[in-house]
Amino acid sequence: MADTVRDRIKALRKNAKLTLDQLADRAGLSKSYLWELENRELPRPSGEKLAGLARALDVTIDYLLGGEDLESAEDKAFFREYQAMSPEARARLRKLAKALDE
């Protein structure tokens, strides 16, 4: 895959068949900022912007920064479900996971 943050973002967007408008909307960014990010040598985006892009492109922030995307689709789905749970449900799930690990 691509080497730089901007190359990876552009390649992932095109691979997902998203327009600049669509990705900007999903990531909570402006179309003009996203265009600049893909086409100019800008400073690295903030953590908040990287998080929005990673979420919108279904990859990890580490992957955008040049690492490997090690999470499977199943893992990502599980973590999305976990994040949607109430704090009480999360606590019960952690307790269950700890018991299974013993």
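Numbering-wise (this note's numbering), the sequence shown opens with residue 971 and increments by one.
Idealized CB from N, CA, C, for every residue including glycine.
Legend entry - Alpha carbon of residue 1046 to alpha carbon of residue 991, nearest angstrom: If I take the Cα positions, the gap works out to 24 Å.
Inset, instruction - For residue 1070, count neighbouring Cβ atoms within 10 angstroms of its own Cβ and tell me buried if that reaches 16, exposed if not. - result: Looking at its Cβ environment, which holds fewer than 16 other Cβ atoms inside 10 Å, residue 1070 is exposed.
Legend entry - Rounded distance between the beta-carbons of residue 996 and residue 1024, thought under 8 Å: Contact flag wrong, Cβ pair sits at about 11 Å.
Inset, instruction - Provide the residue span of the alpha helix (DSSP H) that contains residue 975, from first to last. - result: Residue 975 -> alpha helix (DSSP H) spans 975-985.
Inset, instruction - Output yes or no for whether 8 Å exceeds the beta carbon distance between residue 1013 and residue 1007. - result: The Cβ-Cβ distance between residue 1013 and residue 1007 does not fall below 8 Å.
Inset, instruction - Leaving aside the five residues before and after residue 1031 along the sequence, list all residues of the same chain whose C-beta is less than 7 Å from its C-beta, in chain order. - result: Excluding sequence neighbours, residue 1031 sits near 1020, 1021 and 1024.
Inset, instruction - In the DSSP assignment, find the alpha helix (DSSP H) that holds residue 1070 and state where it starts and stops. - result: Judged by DSSP secondary structure, residue 1070 falls within the alpha helix (DSSP H) whose first and last residues are 1057-1071.
Inset, instruction - Name the two residues that bound the continuous alpha helix (DSSP H) containing residue 1038. - result: For residue 1038, there is no enclosing alpha helix (DSSP H), as DSSP gives it neither H nor E.
Inset, instruction - Tell me, to the nearest whole angstrom, how far the beta carbon of residue 1029 is from that of residue 982; I am working on the premise that it is less than 8 Å. - result: Indeed they touch by this definition, with Cβ atoms about 6 Å apart.
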